[in-house]
Structure formats: C-alpha cells, structure tokens
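The opening residue of the sequence shown carries number 246 in my numbering; numbering runs sequentially from there.
Taking it in order: structure first as structure tokens, then the write-up.
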Amino acid sequence: MVRFRNSVADGRFGLRYRSGMDAGFLLDNWALVAAALVLTVVLLFVGNRLWARSGRGQLTARRRSLRQRRADMRRAEVLLAKRERRVEKLRARASSVKPRLISEAKEAVRDAEALLKIAQDQVLIAENHLRKVILEEFPPRRHEALRRKYLPPAGTDRRPFSF
C-alpha cells in the first residue's frame, strides 16, 4: 500500500480519498478554497444583477419605490393636518397671541401644502414608472391583472376593516 498526501492508494480498490475536509486539506489546497470563495461572491453578484434586470426584479423595485412615495405622501398629509390645527388654535386665541406667530403658522401651512403637492407628484411619477415596467416587461394578457393588483384606484382603502 502506497500513501499519498490526503489519500491512500490500494491495488484492489484504486485510489480512495479520506472523507471530510480537515486542516491539512485546507492548508494544502488554500488557493483552491480562495478561488471557490471568490467564484461564489462573483456568482452571487452576477445573479443579483440578472435578477434586478429581469421583469420581476424591476417590478419589485418599482413597487418598493411606489410604497416609499406613498408613505412620504401620508407623512406630508399628517404634517399638513398638524400645521392646520396649530393655525386654528392660534386663531382661536388671536386676542392673546402675537400676530407674528399667526403669520409664521400660516407660512408653515403653505410650506406643508407645497410639500404635500410635491409628494403627490412623486406618487404619480412612481405609479407611471410601475405602469411602464408592466407594459414593457410582461405579456399583454397579464397587463390588466398586474395593474389591478399593484395600482389600485385612488382612494381605495386596502385595510381589512375601516372604522
């Protein structure tokens, strides 16, 4: 019987390898292990890029963007409501409040309205981008179903219960 590094040669059964990796195997084949790690990272990166360029990947990215824009619009609506409540409170106490505070509050309402208008425009843009991906990346027979699923009509309450 002849011994080789990490293996045993037997005349009857041919070459047999030891089972499992140990420190000796890793030390002897460090370049192979490093190349395998680099190849794995490269394959993960290429796979991620291919998925991002696919129709489903683009749809997912555009849906995420639309969800973010709608959340921004909801925050702008809440901010506007808060600013309007502040103006109403100050107007109710107009006899004891400095006129400068009321004018600053009105200016804050105008700023909040402008922010809301910008947020609404961004939602429209994100919806159009989503429509474009649906039209360009998916077959025509799926267009209507995808639009119904991902672009509900404005004002639709998607919560299960509304009180």
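Cβ coordinates follow ideal geometry from the N, Cα and C atoms, glycine included.
Taking all protein chains shown into account, decide if Ile-363 is buried (16 or more other Cβ within 10 angstroms of its Cβ) or exposed. Against the sequence shown, residue 363 aligns to sequence position 118. So Ile-363 ends up on the exposed side.
Unbroken stretches of the alpha helix (DSSP H), 4 residues or longer, contained in the segment 302 to 373: none
State the DSSP-derived secondary structure class of Pro-398, mapped to helix, strand or coil. Residue numbering aside, residue 398 sits at position 153 when the sequence shown is read from its first letter. Reduced to three states, the DSSP call for Pro-398 is coil.
Taking 8 Å as the threshold (C-beta atoms), are Gly-292 and Glu-382 in contact? Here residue 382 corresponds to residue number 137 of the sequence shown, with the count starting at 1. Here residue 292 corresponds to residue number 47 of the sequence shown, with the count starting at 1. Against a cut-off of 8 Å, the Cβ pair of Gly-292 and Glu-382 comes out as no contact.
Report, in whole angstroms, the separation of the C-beta atoms of Arg-307 and Val-378, which I expect to be a contact under 8 Å. Residue numbering aside, residue 307 sits at position 62 when the sequence shown is read from its first letter. Residue numbering aside, residue 378 sits at position 133 when the sequence shown is read from its first letter. Correct: roughly 5 Å between the Cβ atoms.
How far does the alpha helix (DSSP H) with Phe-270 in it reach, from first residue to last? The residue labelled residue 270 in the question sits at position 25 within the sequence shown. Annotation for Phe-270: the continuous alpha helix (DSSP H) segment containing it runs 268 to 273.
Close beta carbons around Glu-322, own chain, < 7 Å, minus the five adjacent residues each side: In the sequence shown, counting from the first residue as 1, residue 322 sits at position 77. Excluding sequence neighbours, Glu-322 sits near Leu-361.
Is Phe-290 helix, strand or coil when you go by DSSP? As a working note, residue 290 is residue 45 in the sequence shown. Residue state, collapsed to three classes: helix.
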